[in-house]
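Heads up: the structure comes next, in C-alpha cells.
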DNA sequence: GTCTTGAATTTTGTATACAATATGCCATAA
DNA sequence: TTATGGCATATTGTATACAAAATTCAAGAC
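Residue numbers (my numbering), protein chains in the order written: chain A, 1 to 221; chain B, 1001 to 1221.
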C-alpha cells in the first residue's frame, strides 16, 4: 500500500445537506436575510431535521448562517463594515499566500500560471466574464496551493465563500477589468522574480480594488 | 432605546456543551487523539446525543475536532507542519491587527496598554508565569480590539484556541522570556509612534519566536 | 502460528415524538 | 384607533427509538 489514502467520498447526510445549502446561498436562491424554516427545508432536501440541524451548525461556523436561539437560522446579511473587514482580512491572507508561494514556487508552477494567464487574457479580450472569473479563481487557488499551507487555504476558502454570497461579480467595469488583468501580469512577474514583498504589495492592492467593486455593488442595492 | 442591544445570554444546550468540551480539550482533559464516545460523553455532560452532536459540528468547524464518517469524533492531533502552518497564519493575522491598530489607536488605548505592560513586567520580575501569560493574552486581545475588525478577531480567537490545545506554554525559558518582554516594549513604542510597518514586523518576529517555543515543546513529547 | 471469516456487540447515523418557546391573531379595554 | 392580554398555531429544542455501519473476537482454514 502506498502512502496516499484515497477515502471513498461517502458524504454523510449532514455534509451533503450543508453542501447543497452552501450552493443555494452562494447562488442567491437563499438570499441574505432569508429565514430557514427547518420543516420546509427538510422537505426540499429530502432529509430529516437532525442532519439538517447539523448542517446548520456547520454553515454557521463558516459564517454563512446566523442562528438565533429558539428563532431558527437565517442567511447572514453582510453590512458595509462586514465587507470591509472581510476584505481587509482577505488581503492579509492573499499577501501571506504570496510571500509563502515565492519561497516554494517551481519553474513548472510558473509555466502553468503563465498558461492560465494567457487563457485569462484571451477571455478578457473576447469579453467573456464568466470564463475570466473561473480562470481568475483558478489562479488564486493555484497560488494558495503553491503556498502549501492548508490552514491558510481553509481560511481563504471560507472567507471567499462568505464574500461570494454577495454576488458582486457582475459589477466589474471595463477600466477595472483592464487594470485587474494588468495586475495579474505583474503578480506573475513578481513571483518569477521571487520578490515576496512586491508580490505581497500587488496582492494587497489587487484586493483593495476588488473591495472597492464589492462596496459599490453593495451601495447599488 | 439606544443602539446597543443587550441580549440575555440564554445558552442553548449544544452551545453549552460545545463550550464545556472546548475547555476540556484546551485543559488537556481530552488530550489530542482522544476518541469521543457519544454515549459516554452524553452521560458526563448530562445531555442527549442530539445536542452533543451539534456541539461536535461546531468544534469541528473550529478545528478542535475531526469527525470521521461512521467512526465518530476525536480531538485533533496537530502535526509539526500543522503547528508551523498555524503560526504562519497567526503571524499574518497579528501583523494585520498591528497595522489596523496603528490607524485607530487613541492616547487612552496607549495609556491602558502601558499599564498592562507595567503589570506584565512586574509579573516577569517575580517569575510569575501564569500572571504573565494572562496579561500577555490581554494585551494581544486589546490590540485586536483596537484594530476593530470582528472578522479578524474571530479568526484570531479560533486559531488561538487550536494552538492553546497544544499546551506548550510552560516551555518558556528565561532567555526567551526576557526577549518577549523586551519585544512587547518595542511594540508599544511602535504603536505610540503610529508606525504600522514597524509594529507589523515586530509582531511577526514575536510570533516566530513563539512558534519556535511551540515546536520545541512538540519535539519534547 | 497467522490469516480469514462471520456472527455478536458496540457505535454512529437518521427519523420521529414530545417539550418548550415564539409567533400571530383576535377580543377587549383605554 | 391603539395597546394589551391571552389563546391557538407554528417552530424550534431535546430525547429517544430504530437503522446502518464498524469493531471485536472467537472459530476454523491454511
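Virtual Cβ for every residue (Gly too), placed ideally from N, Cα, C.
What first and last residue would you give for the beta strand (DSSP E) that runs through residue 1065 of chain B? As a working mapping, residue 1065 of chain B is identified with position 65 in the second chain. Looking at the DSSP string, the run of the beta strand (DSSP E) that includes residue 1065 of chain B is 1065-1068.
Return the residues of the stretch 1034-1061 of chain B that lie within a Cβ-Cβ distance of less than 7 Å from chain A, sorted by chain order. Interface annotation for the stretch 1034-1061 of chain B against chain A: 1050, 1053, 1054, 1057, 1058, 1061, criterion Cβ-Cβ distance under 7 Å.
Starting from residue 1073 of chain B, trace the alpha helix (DSSP H) both ways and give me its first and last residue. Mapped onto the second chain, residue 1073 of chain B falls at position 73. Per DSSP, residue 1073 of chain B belongs to no alpha helix (DSSP H); it is in the beta strand (DSSP E), 1072-1075.
Does the distance from the CB of residue 1013 of chain B to the CB of residue 1047 of chain B come in under 7 Å? The sequence position of residue 1013 of chain B within the second chain is 13, counting from 1. The sequence position of residue 1047 of chain B within the second chain is 47, counting from 1. It is a contact, given that the beta carbons lie within the stated cut-off.
Using a C-beta to C-beta distance shorter than 7 Å, which residues of chain B count as neighbours of residue 12 of chain A? Here residue 12 of chain A is taken as the residue at index 12 of the first chain, counted from 1. Near residue 12 of chain A (Cβ distances below 7 Å), the residues of chain B are 1069.
Under a Cβ-count criterion, where at least 16 other Cβ atoms within 10 Å of its own Cβ denotes burial, should residue 1095 of chain B be classed as buried or exposed? Indexing the second chain from 1 puts residue 1095 of chain B at position 95. Buried, since its Cβ has 16 or more Cβ neighbours within 10 Å.
Just to confirm, are residue 17 of chain A and residue 51 of chain A a CB contact at a threshold of 7 Å? Counted from its first residue, the first chain places residue 17 of chain A at position 17. Counted from its first residue, the first chain places residue 51 of chain A at position 51. Against a cut-off of 7 Å, the Cβ pair of residue 51 of chain A and residue 17 of chain A comes out as a contact.
For the ligand SAM, is there a heavy atom less than 6 Å away from the beta-carbon of residue 1158 of chain B? In the structure shown, the ligand SAM is absent, as is every other ligand, since no ligand is present at all.
Could you name the residues of chain B that residue 149 of chain A contacts, counting a contact when the two beta carbons are closer than 8 Å? By 1-based counting over the first chain, the position of residue 149 of chain A is 149. Close to residue 149 of chain A, with beta-carbon spacing below 8 Å, are these residues of chain B in chain order: 1085, 1088, 1089.
Quick check on residue 191 of chain A - is its C-beta less than 7 Å from some C-beta in chain B? As a position in the first chain, residue 191 of chain A is number 191, starting the count at 1. By this cut-off, residue 191 of chain A is not an interface position.
Taking Cβ positions only, does residue 1092 of chain B come closer than 7 Å to chain A? Looking up residue 1092 of chain B in the second chain gives position 92. Yes - at least one Cβ of chain A is within 7 Å of the one on residue 1092 of chain B.
Would you report the Cα separation of residue 1002 of chain B and residue 153 of chain A, rounded to the nearest angstrom? Here the question's residue 1002 of chain B lines up with position 2 in the second chain. Here the question's residue 153 of chain A lines up with position 153 in the first chain. Bear in mind that a pLDDT of 41 at residue 1002 of chain B, under 50, signals an unreliable position, so the model cannot answer this.
Give the interface partners of residue 1155 of chain B over in chain A, defined as CB-CB distance under 8 Å, in chain order. Position 155 of the second chain, counting from 1, holds the residue named residue 1155 of chain B. Per Cβ cutoff of 8 Å: 89, 155.
Cβ shell of residue 110 of chain A (< 6 Å), same chain only, five flanking positions each side left out: As a working mapping, residue 110 of chain A is identified with position 110 in the first chain. Answer for residue 110 of chain A: 192, listed in chain order.
Would you identify the three-state DSSP class for residue 11 of chain A, choosing helix, strand or coil? Counted from its first residue, the first chain places residue 11 of chain A at position 11. Coil at residue 11 of chain A, not helix or strand.
Return helix, strand or coil for residue 1036 of chain B, following the three-state DSSP convention. Within the second chain, numbered from 1, the residue matching residue 1036 of chain B stands at position 36. In the structure shown, the three-state DSSP call for residue 1036 of chain B is strand.
Which of the three DSSP states is assigned to residue 31 of chain A in this structure? Here residue 31 of chain A is taken as the residue at index 31 of the first chain, counted from 1. In the structure shown, residue 31 of chain A sits in coil (DSSP, three-state: anything other than H, G, I, E or B).
With distances taken from CA atoms, which of B/1213, B/1098, B/1118 is nearest residue 1172 of chain B? One-based indexing of the second chain puts residue 1172 of chain B at position 172. Answer by Cα proximity: B/1213.
Which stretch, first to last residue, makes up the alpha helix (DSSP H) that contains residue 191 of chain A? Position 191 of the first chain, counted from the first residue, corresponds to residue 191 of chain A. Segment 174-192, the alpha helix (DSSP H) holding residue 191 of chain A.
With 7 Å as the threshold, decide whether the Cβ of residue 96 of chain A is near any Cβ in chain B. Locating residue 96 of chain A in the first chain gives position 96, counting from the first residue. Chain B, which has a Cβ nearer than 7 Å to the Cβ of residue 96 of chain A, makes this yes.
Separation of residue 1066 of chain B from residue 1149 of chain B, as counted between CA atoms: Here residue 1149 of chain B refers to the residue found at position 149 when the second chain is read from its first residue. Here residue 1066 of chain B refers to the residue found at position 66 when the second chain is read from its first residue. Linking residue 1149 of chain B to residue 1066 of chain B through their CA atoms gives a straight-line distance of about 28 Å.
Look at the alpha carbon of residue 97 of chain A and the alpha carbon of residue 139 of chain A, and state the distance between them as a whole number of angstroms. Here the question's residue 97 of chain A lines up with position 97 in the first chain. Here the question's residue 139 of chain A lines up with position 139 in the first chain. Cα-Cα distance, rounded: 12 Å.
Since residue 1100 of chain B meets chain A, which of its residues come closer than 8 Å, beta carbon to beta carbon? In the second chain, the residue the question calls residue 1100 of chain B occupies position 100. Those are 88, listed as they occur along chain A.
Quick check on DSSP: helix, strand or coil for residue 148 of chain A? As a position in the first chain, residue 148 of chain A is number 148, starting the count at 1. Residue 148 of chain A: coil per DSSP, three-state reduction.
Measure the C-alpha to C-alpha separation of residue 161 of chain A and residue 86 of chain A and round it to an integer number of angstroms. Residue numbering aside, residue 161 of chain A sits at position 161 when the first chain is read from its first letter. Residue numbering aside, residue 86 of chain A sits at position 86 when the first chain is read from its first letter. Rounded to whole angstroms, residue 161 of chain A to residue 86 of chain A spans 11 Å at the Cα level.
Chain-ordered chain B contacts of residue 152 of chain A [CB-CB under 9 Å]: Walking along the first chain from the start, residue 152 of chain A turns up at place 152. Simply 1085, 1088, 1089, 1092.
Inter-stretch contact at 8 Å, needing at least 3 Cβ pairs: the stretch 73-92 of chain A / the stretch 1070-1080 of chain B: no
Beta strand (DSSP E) runs contained entirely in the stretch 73-144 of chain A, provided each spans 3 or more residues: none
Just mark residue 184 of chain A as buried or exposed, buried being the case when its beta carbon has 16 or more other beta carbons within 10 Å. Taking the first chain and counting its residues from 1, one reaches residue 184 of chain A at position 184. Classification for residue 184 of chain A: buried.
Backbone secondary structure at residue 1168 of chain B - three-state DSSP: As a first step, residue 1168 of chain B is located in the second chain; it is residue number 168 there, counting from the start. If DSSP states are grouped into helix, strand and coil, residue 1168 of chain B belongs with coil.
Tell me which same chain residues have a C-beta within less than 7 Å of the C-beta of residue 1123 of chain B, skipping the five on either side of it? Within the second chain, numbered from 1, the residue matching residue 1123 of chain B stands at position 123. So the list reads 1131, 1132, 1135, once near-sequence residues are dropped.
Just the C-alpha distance for residue 1036 of chain B and residue 1068 of chain B, rounded to the nearest angstrom, thanks. By 1-based counting over the second chain, the position of residue 1036 of chain B is 36. By 1-based counting over the second chain, the position of residue 1068 of chain B is 68. If I take the Cα positions, the gap works out to 11 Å.
Separation of residue 90 of chain A from residue 156 of chain A, as counted between CA atoms: To locate residue 156 of chain A, count along the first chain from 1; it is residue 156. To locate residue 90 of chain A, count along the first chain from 1; it is residue 90. Between residue 156 of chain A and residue 90 of chain A, the C-alpha separation is close to 7 Å.
What's the gap between the Cα of residue 209 of chain A and the Cα of residue 176 of chain A? Position 209 of the first chain holds residue 209 of chain A. Position 176 of the first chain holds residue 176 of chain A. Answer to the nearest angstrom: the Cα atoms are 8 Å apart.
Look at the alpha carbon of residue 1060 of chain B and the alpha carbon of residue 1121 of chain B, and state the distance between them as a whole number of angstroms. Residue numbering aside, residue 1060 of chain B sits at position 60 when the second chain is read from its first letter. Residue numbering aside, residue 1121 of chain B sits at position 121 when the second chain is read from its first letter. For residue 1060 of chain B and residue 1121 of chain B, the distance between alpha carbons rounds to 37 Å.
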